[in-house]
Amino acid sequence: MRELSLHILDILQNSLEAGASRVELSLEEDLVNDRFSITVRDNGRGMDAAQIARATDPFFTTRTTRHVGLGLPLLAAAAEHCGGGLHITSTPGEGTTVEAVFQHSHIDRAPLGNIQGSLLAFVMSDTVAQTCDLSYRHRVNDREFTFDTADIRRELEGVPLSHPMVRNWLKGFISEGEKDVYEAVP
Amino acid sequence: MAKIKSLEDLKKVREDAQRDLKVRRDTGTRIVVGMGTCGIAAGARETMHAILEELEKQGIEANVETVGCVGQCVKEPLVDIMQAGKPRITYGNVLPDMVPKLIEEHLRNGRVIEEWVVGRVDDSVH
Chain A
1 MRELSLHILD ILQNSLEAGA SRVELSLEED LVNDRFSITV RDNGRGMDAA QIARATDPFF
61 TTRTTRHVGL GLPLLAAAAE HCGGGLHITS TPGEGTTVEA VFQHSHIDRA PLGNIQGSLL
121 AFVMSDTVAQ TCDLSYRHRV NDREFTFDTA DIRRELEGVP LSHPMVRNWL KGFISEGEKD
181 VYEAVP
Chain B
1 MAKIKSLEDL KKVREDAQRD LKVRRDTGTR IVVGMGTCGI AAGARETMHA ILEELEKQGI
61 EANVETVGCV GQCVKEPLVD IMQAGKPRIT YGNVLPDMVP KLIEEHLRNG RVIEEWVVGR
121 VDDSVH
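Here's what the structure looks like:
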């Protein structure tokens, strides 16, 4: 994938397919220690040890329409090519945590890209709009941008997150937050 | 700080949206964009945003949703349009620059763009 934000959108969908009602996405860019980590934690149905072991095997998927699943294998390969790797921890019935670590300055590390677009596409999906909340945290050195759709939903008093007016607000809100988080980066 | 101002804006947005919702509600049109690994790699995220923008520009009401892989990965980005009483039409390889014509022809003029169609379900019950 050309952008890390596309990998992120992809693995966020796994959480939805695992029936999660809450997904936490955390991006940590630590320029001092030259580290970029992406963590997705969900409360979906989880995986047992055998499933975790096979999760990065492209010929394993829980989907029944086809026999290949490329989301996690692609992310694992991207991280491994950039001096990092992919770590999965999971407990059946409790949830899954996927962490991808990259060397921040690695020449092959894809740019984060349009993270606003990925977050909006995820939030606009029907499941998230109705039954799942996303908590987001993006840290660059010691600057941070966070939001939680649960807070936004509460504020909206029944107006759906996918309403066009809300979508426009979200777009501006996320763009501003993302711009702000990079402010101190030369 | 910018964030606090934004949350105040949200209250205003909510009030406007609540008024608007009374007019809106069920539109009878559903647009589904494939957002599996294959779709994302083929540019489905940009296609979805193009659809949202075009609907707004043309003032058309529709519910836009995403789904995972449906198995026709080579035809991604796949866009399904479902309208009450009409066959479900699946368009393939829908790139953002095709979206204005798609919305204009299919939704506004009610004409299916046959050369882009890759699937059709003639059952009007979805």
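Protein sequences appear in the order of chains A and B. Going by this note's numbering, 180 is the number at position 180 of the first sequence; the sequence numbering is gapless. Going by this note's numbering, 11 is the number at position 11 of the second sequence; the sequence numbering is gapless. The beta-carbon is built from N, C-alpha and C at its ideal position, and this holds for glycine as well. Computed from a prediction, not measured in an experiment: that's the story for all the values here.
Counting only runs of 4 or more residues that sit fully inside the region 16-83 of chain A, the alpha helix (DSSP H) segments are 49-54 and 71-80, in chain order. Fully enclosed alpha helix (DSSP H) runs of no fewer than 4 residues occupy 99-102 of the region 55-105 of chain B, in order along the chain. Contact with chain B is found for residue 121(A), since one of that chain's Cβ atoms lies less than 9 Å from the residue's Cβ. For residue 180(A), there is no enclosing beta strand (DSSP E); the residue is found in the alpha helix (DSSP H) stretching over 164-181. For residue 101(A), the enclosing beta strand (DSSP E) has its first and last residue at 95-103.
In this model, residue 147(A) and residue 114(B) are separated by some 43 Å (Cα to Cα).
Residues of the same chain with a CB within less than 6 Å of the CB of residue 20(B), apart from the 5 flanking positions on each side, do not exist. Put simply, the CB of residue 159(A) is near chain B, with a gap under 9 Å to one of its CB atoms.
In this structure, the alpha-carbon of residue 119(B) lies about 17 Å from that of residue 66(B). Below 8 Å, enough C-beta pairs join the region 41-50 of chain A and the region 7-23 of chain A to call them touching: three or more. For residue 18(B), the chain A residues whose Cβ falls inside 7 Å of its Cβ are 159, in order along the chain. Taking C-beta separations shorter than 6 Å and ignoring five residues to either side along the sequence, the partners of residue 73(A) in its chain run 56 and 58, following chain order.
Counting of Cβ neighbours within 10 angstroms places residue 10(A) among the buried residues, the total reaching 16 or more.
Under the Cβ criterion of 9 Å, residue 71(A) is counted among the residues facing chain B.
Residue 142(A) carries a coil assignment under DSSP once its states are collapsed to helix, strand and coil. Residue pairing by DSSP places residue 131(A) in no beta bridge whatsoever.
With a cutoff of 9 Å on beta-carbon distance, residue 135(A) and residue 150(A) are scored as near each other. Contact of residue 125(A) with chain B by beta-carbon distance below 8 Å involves 35, 65 and 66.
Following the DSSP letters along the chain, one finds residue 115(A) inside the alpha helix (DSSP H) bounded by residues 115-124.
Inclusion of residue 159(A) and residue 62(B) in the CB contact set at 9 Å is not warranted, their separation being larger than that value. Chain-ordered listing is empty here: chain A has no CB closer than 9 Å to the CB of residue 82(B), the nearest sitting near 13 Å. Between residue 130(A) and residue 36(B), the CB-CB gap reaches or exceeds 9 Å. Taking 8 Å as the upper bound for CB-CB distance, residue 165(A) and residue 96(A) are not in contact here, some 34 Å apart. The contact set of residue 109(A) on chain B, defined by CB atoms closer than 8 Å, is empty, because the minimum CB distance reaches about 18 Å.
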